[in-house]
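A.B. asks:
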Amino acid sequence: MNLFDYLEPTTQFVIFSAIKILIVFGVTMTFVAYAVLAERKISAWIQDRVGPNRTAPPITKFIPILGPMLVRLGIFQPMADGLKFLLKEDFTPAYVRKVYFWLAPAIAVIPAFLTFAVIPFGSTLGNPDNKMVIADLNVGVLYTFGIVSLGVYGIVLAGYAANSKYPFLGGIRSSAQMISYEIAMGMSVVAVFMVVGDLNLGAVVQYQAKHGWMVLHQPLAFAIFLIAAFAETNRLPFDLPESESELVGGYHTEYSSMKFALFFLGEYAAMISASAMMVTLFFGGWTLPFLSEPASSLLVGLLHIAIFIAKLVVLLVVFIWVRWMLPRFRYDQLMDLGWRRFIPLALGNILATALVLAFISP
Amino acid sequence: MPEFTDLLFYGFAGLALFFGFLCVANPLSRSPVTSAMFLVLTIVSLAGLFILLHAFFLAAIQVLVYAGAVMVLFLFVIMLLDLKEEERRRFRRFTVGVGVVAVGVIAGLLLQTVLKAVPYSQTSTVLAVGATRPLGIILFTQYLLPFELLSLLLLVAMVGVILLTKKELK
Amino acid sequence: MSTKIVDRKPLSFFENSYLPTLMSGLKVTWKHFKKSALQGRPLTMEYPEQKWVVPQGYRGAPYLVKDQEGSTKCVSCQLCEFVCPPKAIRITPPGPNGAPADRRNAEKAPAEFEINMLRCIFCGLCQEVCPEEAIFLQKDYSLTGESREEMVYGKAKLLQMGGTHGGIQKWKHKLEEAEAQEVFPVRTN
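These protein sequences, in sequence, are chains A, W and B. Quick note on the numbering used here: the first sequence kicks off at 1 and runs consecutively. Quick note on the numbering used here: the second sequence kicks off at 1001 and runs consecutively. Quick note on the numbering used here: the third sequence kicks off at 2001 and runs consecutively.
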């Protein structure tokens, strides 16, 4: 730490930010890998199966009881999956539009990771100025929506680049779906920010620490946000862009190997960032009712991060669980739900919130 | 570090111009989709310029509305129409003329603004305008009428679209 | 017209909210999750450790069998080779100078009898057609090998895998009759 004190504040800031970015990226990547495992495991359990339980690097032989247990839980499966994706043949069909074909997976994966920049995943660590958020933006949530809206391009371009009909239909579906649900999502959040009075996500967390979780103040906004998040991340029951039974594989029909894996990564990263947004907006972020003061010691700081991650994991499980709860919606039902139910509901919610704020509790 | 900010300004400005040029006159590809994608990049570069002016709200809205929503719809339409003949089209005198007039008008406006502008250091109020709260207050007090009129304009467009699509149901 | 059109009842407001479907989905998934994750009773059988009990009459891999005296039942008639749909069976007959059958009442035995287990579809036609009841589909279902050649089972291997199958021996009583006739004093009048 002494070495840091010699440096200029700007340099310190840059170094700390770089470290935070690296750690957040690393943790998110790990989370993505294990979200895939969780998906497979929970799906297996819901379908009365066992799930991945065989992958065992030779090292597990030397761990007495824990080793076989970890193998049964499939802890090493993500490594095998990753290796498989890297080693598979990367095939580019002859009829695709090459530039977009190569660009689309990258565009699909980047926005999902960029969203994490504004999410406060902890209070402070060590130094009280050292906030646990990469970029403490005043327009935090608008930034998130801006980035999320760019996520459509990956899918649309993938559909366009593949130059064949099923991916194209998938791309068209997804662009319509994501634009529709972005509106409902954005409107549901407006009510939250009316209550808080600030667009900064850190301020939202502070407000919730004082007045209780936002999900209690704005249950309707939460419901709309949650369902819109399912649609935005192309998860079941709204996975129409890639619905296997009608569109083969949707926009990733023509992709293989690492390019396919990037779409996969992007989908799970988007799921994690949506969960992180929900934790921050509706479930008090890193706070618990009795642990809401910014951390005074390193240990409490770490505890706050752990609380954030625990809440995140719960929401991820919800995401995975819902996948088996409902069958896929029909496309017109999806549009009907988005435009004719959620947008009016969200508008009504904004109006009601405004009325309550203006006349009952100023 | 003012030098670094300057560097960023020239970077974003250069990118915006470069992408803008590629959007309208790409020597390698005449595909409308490519043009649209370069327009998206131009918009994102402009958002970078807004951020340098501390107008975070404008930057976010720029990306959210233009890059995220409007351009996706553009792309949507382009892909659905499958504009093959657009790639083979030649310049016509009329098109060029209209283009020159449009560019001239916009350039005139720009010139007027630049001539009237005060140097950057004196415009400290810009910083306040760029934030969300002051912007909202101004929109709902001083500019309330134009703001509401704009929404009326959008409503008219929407009603028109509905009328057009439901024409046969009359 | 025998078609009866049943009116579909319009959904009530509550049903339209998707909530009942969501609840029933939650109930079903939770029931299965509880059973397989919390109580540890998934339906899956973990194969190499746990094995399935093969039922009676299961049609697995075809093997050649011996009779109760330990001699080859197959007489190299090549009916099975002829009937085999995927042409998995190949029989090399002994030829005019080949070794004789190892039982007394058979004219010949195959010099080589091969079943390509990669081609075999376990249909059981060979068993059906065999006049000597020399080939039977047995209970093996997991045949593995490291090369294609290894998966072509020869006569020795087939006989060893097949074991003994006593049961009916069609020509046995004929043989006994013939032997009895040799011992029996022939009436001369």
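Think of the CB as a built atom: it goes at the ideal place given N, C-alpha and C, for glycine as much as any other residue.
With a threshold of 7 angstroms on Cβ separation, who are the neighbours of T96 (chain A) within its own chain once the five nearest residues in sequence on each side are excluded?
C.D. replies: Contrary to the premise, residue 96 (chain A) reads as Val rather than Thr in this sequence. Within the same chain, V96 (chain A) has close Cβ partners A161, A162, N163, E254.
A.B. asks: For Y2047 (chain B), is the classification buried or exposed, using 16 other Cβ atoms within 10 angstroms of its Cβ as the cut-off for buried?
C.D. replies: The residue in question, Y2047 (chain B), is exposed, as its Cβ has fewer than 16 Cβ neighbours within 10 Å.
A.B. asks: The alpha helix (DSSP H) with P9 (chain A) in it runs from where to where?
C.D. replies: Counting along the chain, the alpha helix (DSSP H) containing P9 (chain A) begins and ends at 9–46.
A.B. asks: From V1126 (chain W) to F1012 (chain W), what does the alpha carbon distance come to, in whole angstroms?
C.D. replies: A caution first: V1126 (chain W) carries a pLDDT of 49, below 50, which makes its placement in the model too unreliable to give a value.
A.B. asks: Leaving out five residues before and five after V1129 (chain W) in sequence, what residues of the same chain have Cβ atoms less than 6 angstroms from its Cβ?
C.D. replies: Interpretation of V1129 (chain W) is limited by its pLDDT of 48, a score under 50 that renders its predicted location unreliable; the figure taken from the coordinates is listed afterwards. Correct list: empty, nothing qualifies.
A.B. asks: Which class does V139 (chain A) belong to by DSSP, given the choice of helix, strand or coil?
C.D. replies: Of the three classes helix, strand and coil, the one that applies to V139 (chain A) here is coil, per DSSP.
A.B. asks: If the criterion is Cβ atoms closer than 8 angstroms, does the pair F1074 (chain W) and A1036 (chain W) meet it?
C.D. replies: Taking 8 angstroms as the Cβ cut-off, F1074 (chain W) and A1036 (chain W) qualify as a contacting pair.
A.B. asks: Give the DSSP bridge partners of P2062 (chain B), in chain order.
C.D. replies: Paired residues: B:L2137.
A.B. asks: Among the residues of its own chain, which have a CB less than 6 angstroms from the CB of G250 (chain A), if the five just before and after it don't count?
C.D. replies: Within the same chain, G250 (chain A) has close Cβ partners G170, P241, E242.
A.B. asks: For the candidate residues B:A2180, B:V2129, B:M2161, whose alpha-carbon lies nearest to that of T2072 (chain B)?
C.D. replies: If we check each option's Cα against that of T2072 (chain B), B:M2161 comes out closest.
A.B. asks: Compare the C-beta of Q206 (chain A) with all C-beta atoms of chain B and state if any pair is closer than 8 angstroms.
C.D. replies: No, Q206 (chain A) does not count as interfacial toward chain B.
A.B. asks: Which whole-angstrom value describes the C-beta separation of F342 (chain A) and A228 (chain A), a residue pair presumed to lie in contact below a C-beta threshold of 8 angstroms?
C.D. replies: Contact holds; Cβ gap of about 7 angstroms.
A.B. asks: Taking just the CA atoms, how far does A209 (chain A) sit from G159 (chain A)?
C.D. replies: Cα to Cα, G159 (chain A) sits roughly 44 angstroms from A209 (chain A).
A.B. asks: Hey, would you say L303 (chain A) sits closer than 8 angstroms to S275 (chain A), going by beta carbons?
C.D. replies: No. Outside cutoff.
A.B. asks: Would you list the residues sitting across from V2006 (chain B) in a DSSP beta bridge?
C.D. replies: Paired residue(s): none; V2006 (chain B) is not in a bridge.
A.B. asks: Am I right that L142 (chain A) and A1060 (chain W) are in contact with their C-beta atoms under 8 angstroms? What's the rounded C-beta distance?
C.D. replies: Correct: roughly 4 angstroms between the Cβ atoms.
A.B. asks: I'd like to know if S2036 (chain B) contacts chain A, where contact means its C-beta is closer than 8 angstroms to some C-beta of that chain.
C.D. replies: Yes, S2036 (chain B) counts as interfacial toward chain A.
A.B. asks: Figure out for me which residue from B:V2053, B:W2030, B:R2103 has the closest Cα to the Cα of A44 (chain A).
C.D. replies: Selected option, being the one with the closest Cα: B:W2030.
A.B. asks: Going by DSSP, what residues sit across from I2115 (chain B) in a beta bridge?
C.D. replies: DSSP, once it has assigned bridges, lists B:I2089, B:Y2153 as partnering I2115 (chain B).
A.B. asks: Can you tell me where the alpha helix (DSSP H) with Y331 (chain A) in it begins and where it stops?
C.D. replies: 331–335 is the extent of the alpha helix (DSSP H) around Y331 (chain A).
A.B. asks: List, in order along the chain, the chain A residues whose C-beta lies closer than 7 angstroms to that of F1050 (chain W)?
C.D. replies: Residues of chain A passing the Cβ test: none, with the nearest at roughly 11 angstroms.
A.B. asks: Could you check whether the Cβ of V138 (chain A) sits closer than 8 angstroms to any Cβ belonging to chain W?
C.D. replies: Strictly speaking, residue 138 (chain A) in this sequence is Asn, with Val absent from that position. It does: the Cβ of N138 (chain A) has a partner Cβ on chain W nearer than 8 angstroms.
A.B. asks: Have a look at the DSSP bridge pairing and note the partners of T2072 (chain B).
C.D. replies: Paired residues: B:K2066.
A.B. asks: How would you write the range of the alpha helix (DSSP H) that I65 (chain A) sits in, first residue to last?
C.D. replies: First-last for I65 (chain A): undefined, no H or E at that position.
A.B. asks: Any idea what DSSP makes of T287 (chain A), helix, strand or coil?
C.D. replies: Note: T287 (chain A) maps to coil in three-state DSSP.
A.B. asks: So which residues of chain D does S164 (chain A) contact, with C-beta pairs closer than 9 angstroms?
C.D. replies: The structure shown has no chain D; the protein chains it does contain are A, W and B.
A.B. asks: If you draw a straight line from the alpha carbon of W324 (chain A) to that of L2159 (chain B), how long is it in whole angstroms?
C.D. replies: W324 (chain A) and L2159 (chain B): Cα-Cα distance of roughly 51 angstroms.
A.B. asks: List the whole-angstrom C-beta distance separating M271 (chain A) from T233 (chain A), where the pair is believed to meet the contact cut-off of C-beta under 8 angstroms.
C.D. replies: At roughly 5 angstroms, the Cβ-Cβ gap stays under 8 angstroms, so M271 (chain A) and T233 (chain A) are in contact.
A.B. asks: Give the single residue among A:V118, A:A221, A:E244 whose Cα lies nearest to the Cα of L201 (chain A).
C.D. replies: For the residues A:V118, A:A221, A:E244, the minimum Cα distance to L201 (chain A) belongs to A:V118.
A.B. asks: Rounded to the nearest angstrom, what separates A352 (chain A) and L1058 (chain W) at their Cα positions?
C.D. replies: About 27 angstroms.
A.B. asks: The segment 185–218 of chain A: which residues have C-beta closer than 7 angstroms to a C-beta of chain W, in chain order?
C.D. replies: Answer set for the segment 185–218 of chain A: L199.
A.B. asks: Is the Cβ-Cβ distance between V109 (chain A) and L265 (chain A) less than 8 angstroms?
C.D. replies: Yes, the pair counts as a contact, with Cβ atoms nearer than the cut-off.
A.B. asks: Are the beta-carbon atoms belonging to Y2153 (chain B) and G2060 (chain B) less than 8 angstroms from one another?
C.D. replies: Taking 8 angstroms as the Cβ cut-off, Y2153 (chain B) and G2060 (chain B) do not qualify as a contacting pair.
A.B. asks: Please classify F1004 (chain W) as buried or exposed, where buried requires at least 16 other C-beta atoms within 10 Å of its C-beta.
C.D. replies: Label assigned to F1004 (chain W): exposed.
A.B. asks: At 7 angstroms on the CB atoms, spell out the chain A contacts of F2033 (chain B), in chain order.
C.D. replies: Within 7 angstroms Cβ-Cβ: W45, I46.
A.B. asks: Applying a beta-carbon distance threshold of less than 9 angstroms, which residues of chain A neighbour P2020 (chain B)?
C.D. replies: None at all; the shortest Cβ gap to chain A is about 12 angstroms.
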